[in-house]
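Below is one structure, written out as structure tokens; comments come after it.
In our numbering, the protein residues as written are 2 to 61.
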């Protein structure tokens, strides 16, 4: 379980970086909404995985 949380954190950082790259090459306002939702999802996953990692460390 511990390794999967670290994997989720790494994948969310990669997702955030991809969304920032898409933001640089923005073409329309609909793309902006898609990119914004992708960023929020990546940030949410990153925060939740760090909270879960912290909770697991406190339990040990």
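For every residue, glycine included, the Cβ atom is placed at its ideal position computed from N, Cα and C.
On a predicted model such as this, the values are computed, not experimentally measured, just so you know.
Non-local beta-carbon contacts of residue 23 in its own chain, meaning distances under 6 Å to residues more than five positions away in sequence, involve 36 in chain order.
Counted as a single uninterrupted DSSP element, the alpha helix (DSSP H) harbouring residue 60 occupies residues 30 to 60.
Look at residue 26 here: in three-state DSSP terms it is coil, with no helix or strand label.
Sequence-distant partners of residue 50 (beyond 5 residues in either direction) whose C-beta falls short of 7 Å from its own C-beta, in its chain, are 6, 9, 10 and 13.
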